[in-house]
Structures are given as structure tokens and as C-alpha cells.
């Protein structure tokens with residue numbers, strides 16, 4: 001199984017166009033879908049040591065990659081699913097294109113608020129994670145940033161998929177955030193979000209004054 005995993009990663013590396021095309025990533029995922037399932041099933045039954053760690057509330061991914069541990073190949077499934085996430089997110093690009101076409105026909109706050117309500121799940125629940133985890137990593141404003149979906153476990157390359165497949169999605173994200181946060185078109189929802197964030201915020205522990 002280890003050899004199959006290494007071969008799969010090497011084959012992915014050979015497909016790299018700096019950045020990857022969507023088609024080549026989709027092909028790789030399809031080609032190694034059975035391997036992903038095999039590794040996933042293999043890791044379901046925990047070894048004795050992992051069971052003890054789990055019972056004690058400790059992480060039980062086998063960081064040492066011990067030969068006896070069924071979790072030792074989880075690095076592959078984690079990586080595969082990161083790359084797969086990139087394909088799943090791209091599927092939203094068509095929806096975002098339709099949403100942007102609608103947005104460009106609206107000219108008053110009431111219509112824009114309805115637009116925010118209609119696409120709130122995509123804009124707030126899905127794209128926020130996409131932006132901060134996979135797109136917001138450039139310190140150069142002039143750099144063309146391609147969405148990044150994980151680094152190979154063999155440590156030789158990362159998976160960036162060409163930005164052109166996500167253009168509508170990225171533009172939608174910019175419009176959504178502008179309307180929600182800058183123009184405050186949907187104030188009651190923004191207030192609700194702020195209240196929810198306050199509930200989960202970890203209170204600051206006061207630091208004792210030292211005389």
C-alpha cells in the first residue's frame with residue numbers, strides 16, 4: 001500500500017503545470033479514488049496504541065507511522081481530501097456566475113439585501129473558509145494568486161489549481177463581503193453574527209499586576 005501511495009503522488013507531480021489544470025487534478029482524483037477508499041477502510045480499525053490515545057482524549061493519527069498502526073497512511077487520505085475539496089469548491093463557480101449576473105441587474109438596497117439572503121450560505125458558510133485557507137497567502141498585491149489545496153506528503157510540491165477556474169467564485173466573494181461588511185446591507189444578520197462570535201470568544205484571563 002505504501003508503494004502505491006508513493007507512486008500516486010509521483011504521478012500527480014508529473015501532471016503539474018505550475019499551476020495544475022482542473023482537468024488533470026480531476027483525472028488524478030478519479031485514478032486513485034479506489035486507493036483512497038482502500039486506505040480509508042484500512043484505517044477504520046484502530047491499533048491498540050491509537051485506542052489508548054483516543055481513550056485519553058489525545059490525537060491518534062499515527063505521527064510516528066509505526067508499521068503496526070492502521071492510521072499510518074492517514075497522511076495520504078488527508079491530502080487526497082484537501083485536493084478533492086478544491087474540485088468541489090470549483091463546482092460553485094457556475095452558481096457564482098449566475099449570482100453575479102443577478103447582482104449586476106440590481107440598483108437598490110432592498111434588492112441587494114434579497115441577493116445577500118439568497119446567497120448567504122455560499123458567501124458566508126462556504127467561501128469564507130475557501131478564501132482564508134486557500135487563497136489569502138500572498139504578501140505581494142501584484143502577484144497572481146492561484147488557490148492552494150495542500151502540500152504533497154512527500155514534501156516536494158504543493159497543489160495550486162489555476163485561478164481561471166475560480167474567477168467567478170473569487171469575484172462573488174469580493175462582492176458578498178463588500179455588501180455585508182462595508183455597505184452593511186443586511187445589518188440584522190451582521191449583528192446576529194457578531195453576537196454569536198461573542199458567545200464563543202474565549203474570555204481573556206487577567207494578568208496579575210506585579211509590583
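In this note's numbering, the protein residues as written are 1 to 211.
Cβ atoms here follow ideal geometry from the backbone N, Cα and C, with glycine treated the same way.
Own chain residues within Cβ distance below 8 Å of residue 6, not counting five before or after: 154
Cβ pair residue 73, residue 116 closer than 9 Å: no
Opening and closing residue of the alpha helix (DSSP H) in which residue 33 lies: 33-42
Same chain only: Cβ atoms within 6 Å of residue 169, ignoring 5 sequence neighbours per side: 92, 93 and 96
Burial state of residue 77 (16 or more Cβ within 10 Å): buried
Enclosing alpha helix (DSSP H) for residue 134 [first to last residue]: 127-134
Cα-Cα separation, residue 164 to residue 199: Rounded to the nearest angstrom, the two C-alpha atoms are 39 Å apart.
Residue range of the unbroken alpha helix (DSSP H) whose run includes residue 56: Neither: residue 56 is in no alpha helix (DSSP H) and is coded neither H nor E.
Residue 27 versus residue 112: straight-line alpha-carbon distance, rounded: 39 Å
Helix, strand or coil at residue 211 according to DSSP, with G and I counted as helix: Residue confidence for residue 211 is low, a pLDDT of 42 falling below 50, so the modelled location carries little weight; the figure read from the coordinates is stated next. DSSP places residue 211 in coil when its eight states are reduced to three.
Separation of residue 84 from residue 33, as counted between CA atoms: 10 Å
Where residue 160 sits in the DSSP three-state scheme: strand
Alpha helix (DSSP H) segments (min. 4 residues) lying fully within the stretch 76-123: 93-103 and 109-118
C-alpha distance - residue 120 paired with residue 176, whole-angstrom precision: 8 Å
Inter-stretch contact (C-beta, 8 Å, three-pair minimum) for the stretch 18-26 and the stretch 143-161: yes
Status (buried if at least 16 other CB within 10 Å, exposed otherwise) for residue 99: buried
Cβ-based burial, residue 71 [other Cβ within 10 Å; buried from 16]: With 16 or more other Cβ atoms within 10 Å, it is buried.
9 Å Cβ cutoff met for residue 38 and residue 8: In this structure, residue 8 does not lie closer than 9 Å to residue 38 by Cβ.
Opening and closing residue of the beta strand (DSSP E) in which residue 149 lies: 148-151
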